[in-house]
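Q:
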Amino acid sequence: MTATPGLRWPTASIVLLGALVLLWVGGVWRLQMVWSHVPDYAFGWAVPVLAAFLLWERWPDRPDASETRTSGWWWAALAGTLLVLGFTRLLLEPFPAWPMMLWLFTGALVAVTLLLLACQRGGRTARHFAFPAAFIATALPWPAVLNTHLIAPLRETLAGAVAQAVNLLGYPAIAHGTVIEVGHGFIGVEEACSGIRSLQAAIMVALFLGELNRFAWRRRLAILGIGVGLALGSNGARTLFLAWESAVHGPTAVAEWHDPAGYALLVVCLGGLVAVGWWWRKYAGKVAVRTRRVQAPAAWRGRRSTQMAWVAIAACSVIEGGTQAWYARGDLAADAVMQLTANLPADAEGFQEDPFDATMQALLLCDAHEVGHWNTRDGHARAGYVLEWWSGQSARFATALHNPTVCLPMSGKALERARGIVPLTVGGVALPFQAYVFSSERGPMRVYYLQWDVRAGESFATRTGSDGPTSWLAQQWQDVRRARRNFQAMVIGLAVWGARDDRAADRALERELPAIITVRAVPAN
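Under my numbering, the sequence shown is numbered contiguously, ending at residue 530.
1) Where does S444 sit, in a helix, a strand or coil, going by DSSP?
2) Would you kindly check if the distance between the Cβ of A440 and the Cβ of L21 is under 8 angstroms?
3) Pick from A207, Q205, I228, A206: whose alpha carbon is nearest that of G215?
4) In the DSSP assignment, find the alpha helix (DSSP H) that holds L226 and state where it starts and stops.
5) Assuming V43 and A102 make a contact with CB atoms under 8 angstroms, what is their CB distance in whole Å?
6) Alpha carbon to alpha carbon, what distance is there between C274 and A135?
7) Taking only runs that begin and end inside the region 349–429, name each unbroken beta strand (DSSP E) of 3 or more residues, in chain order.
8) Return helix, strand or coil for E98, following the three-state DSSP convention.
9) Can a CB atom of chain D be found closer than 8 angstroms to the CB of G462?
10) On the DSSP bridge list, what partners appear for R451?
11) Give me the residue from A236, N380, A57, L96 with the minimum Cα distance to L499.
12) Assuming A178 is part of the beta strand (DSSP E), what are its boundary residues?
13) According to the neighbour-count rule (16 or more other Cβ atoms, all chains shown, within 10 Å of its Cβ), is G327 buried or exposed?
14) In this structure, does DSSP put A17 in helix, strand or coil?
15) Please state whether DSSP places W103 in a helix, a strand or coil.
16) Can you give the Cα-Cα distance for A520 and W482, rounded to whole angstroms?
17) May I have the straight-line CA-CA distance separating L514 from V210, to the nearest angstrom?
18) By the DSSP assignment, the alpha helix (DSSP H) with V52 in it spans what residues?
19) If you pair each beta-carbon of the region 138–147 with each one of the region 77–95, do three or more pairs fall below 8 angstroms?
20) Look up L436 in the DSSP assignment and give the residues it is bridged to.
21) First and last residue of the beta strand (DSSP E) that includes V184?
22) Any idea what DSSP makes of L145, helix, strand or coil?
23) Look at the Cβ atom of G503, then the Cβ atom of A386, and state whether they are nearer than 8 angstroms.
24) Please report how far the alpha carbon of F92 lies from the alpha carbon of A488, in whole angstroms.
25) Would you mind sorting V334 into buried or exposed? The rule is 16 or more other CB atoms within 10 Å of its CB.
26) To the nearest angstrom, report how far apart V524 and S464 are at their CA atoms.
27) Okay, do the region 255–263 and the region 168–184 touch, 3+ Cβ pairs below 8 angstroms being the bar?
28) Would you kindly check if the distance between the Cβ of I208 and the Cβ of V572 is under 8 angstroms?
29) Output needed for L109: all residues of its chain with C-beta closer than 7 angstroms, excluding positions within five of it in sequence on either side, in chain order.
30) For a test of the three-state rule: what should DSSP assign to A494, helix, strand or coil?
31) Just to confirm, is the Cβ distance from G49 to W61 under 8 angstroms?
32) Using 8 angstroms as the Cβ pair cut-off and three pairs as the minimum, do the region 168–177 and the region 244–254 touch?
33) Relative to the C-alpha of A236, which residue among P256, Y268, V33 is closest?
34) Nearest CA to the CA of A57: which residue from H254, A353, P137?
35) Does the Cβ of I426 have 16 or more other Cβ atoms within 10 Å, making it buried, or fewer, making it exposed?
The following block contains the structure:
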């Protein structure tokens, strides 16, 4: 017996809805790892809600079904996007903050959604709902190239402009990267640059308002530009206010006004965007929304679209189940691993602990920390820190987002050169430190940085034989191959001043390391 088209429509719709719900619940759950662990992207929690609202707004005037004949190319496209979805899902389990994988994963998620819509309702329907589906991308971390070549220069430019403004107000101020030195102290990295976090949130709100009001493309671009301007302008005003407070009332005033100034920035920036959107909509008029009877799809459409939706449901189940099964076997099989214990030399001459405030803890999410500075017996300055993460994914985020090449330039230390891997021997074991030379007010600052994988008992730098992007990708894949989901890590950073050259600094630090690091062998976890 052949079913009628009218009977196929409910089945096709229910299966399609089930596929989309499964896709998006899994996708949003994966993205929330970033929103929960990276303060800059905490606004991401609002994006799925806003996307659902845009979908609701577009639902009444969705196009009538149009004929789109499925062919082998449709199945090939679906298979390709599902393969990308599965591959990126596998990589995101141990590396949930990997921007490139997040963009590929989200792109595949959106592509599968639009393919299923186009198969059942036609290309016009897919295009109609494309913006609400793709809106989730506004909550993704920007690629590293944008952070390096756009955000970092913006932060430095902003700090320099604010320092000049404070000077014009009659208070001496100097910008060191994104840190502003004023008479009574410093506006730290978190104060000097945190307002830039509002930039991506402003872009998200501008895009949302443009879609909600169905503005023409020129007006959408205009409100986007206004959003960027408001974010930068309000952030500059906030940073100027905090710098002025520090100059007049001291660093304690900065802590007192930090959060209220941030809330005021949010109100000015986002409130200004909403006001512009409301004003333009008032003159543009309301968008005409047409309501009509939903047409039942043709029999061929219900059958093929249902098949594709079932394939998507099965693929999502296999992807998630396979990912969990793969990483469930992730305990290392080695009999023993080399392990480190690190403590700064508290008995060294002039040793002082450096502050580790709540903002730094919120950024790093470490389980143990030690930060300080001291002098050697011959009077040369040293500084260092030891950070530990005992479980979970926090170390994945922190070690990727915060390292000397990222954080020190923000505090006014210019990177002069990267020396690569410098092995320093402790207890007969050569530890591969990553070495850098920065400029500082006290002369060349030679920095040694060691990322230690506690579970594997090795440095990240020893996993591959070469440096560069290919080596880094091979390192990530090695963790996937080992099925290592949870992560335990230790990071050791040491700074050396007063050495006449690199080799002298290496020898001096190698003599001092036994007082800081102990090497031992322990059973693998």
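Where a beta carbon is used, it is the ideal one built from N, C-alpha and C, also for glycine.
A: Once the coordinates are examined:
1) coil
2) no
3) I228
4) 222–254
5) 7 angstroms
6) 27 angstroms
7) 354–358, 373–380, 386–394
8) coil
9) In the structure shown, chain D does not exist; there is a single protein chain.
10) V442, V501
11) N380
12) 178–181
13) exposed
14) helix
15) coil
16) 35 angstroms
17) 50 angstroms
18) 51–63
19) no
20) L429
21) Run containing V184: 184–187, per the beta strand (DSSP E) assignment.
22) coil
23) In this structure, A386 lies closer than 8 angstroms to G503 by Cβ.
24) Straight through space, the alpha carbons of A488 and F92 are spaced by roughly 14 angstroms.
25) For clarity, residue 334 is Arg in the given sequence; the question names Val instead. Its Cβ having fewer than 16 others within 10 Å, R334 is exposed.
26) 13 angstroms
27) In short, these stretches do not touch, since the Cβ pair count stays below three.
28) The structure shown has nothing for residue 572, since the chain only spans 6 to 530.
29) V89, T93
30) strand
31) No; because the gap between Cβ atoms is not below 8 angstroms, this pair is not in contact.
32) yes
33) Y268
34) When the alpha-carbon of A57 is set against those of H254, A353, P137, the nearest one is in P137.
35) Burial call: exposed.
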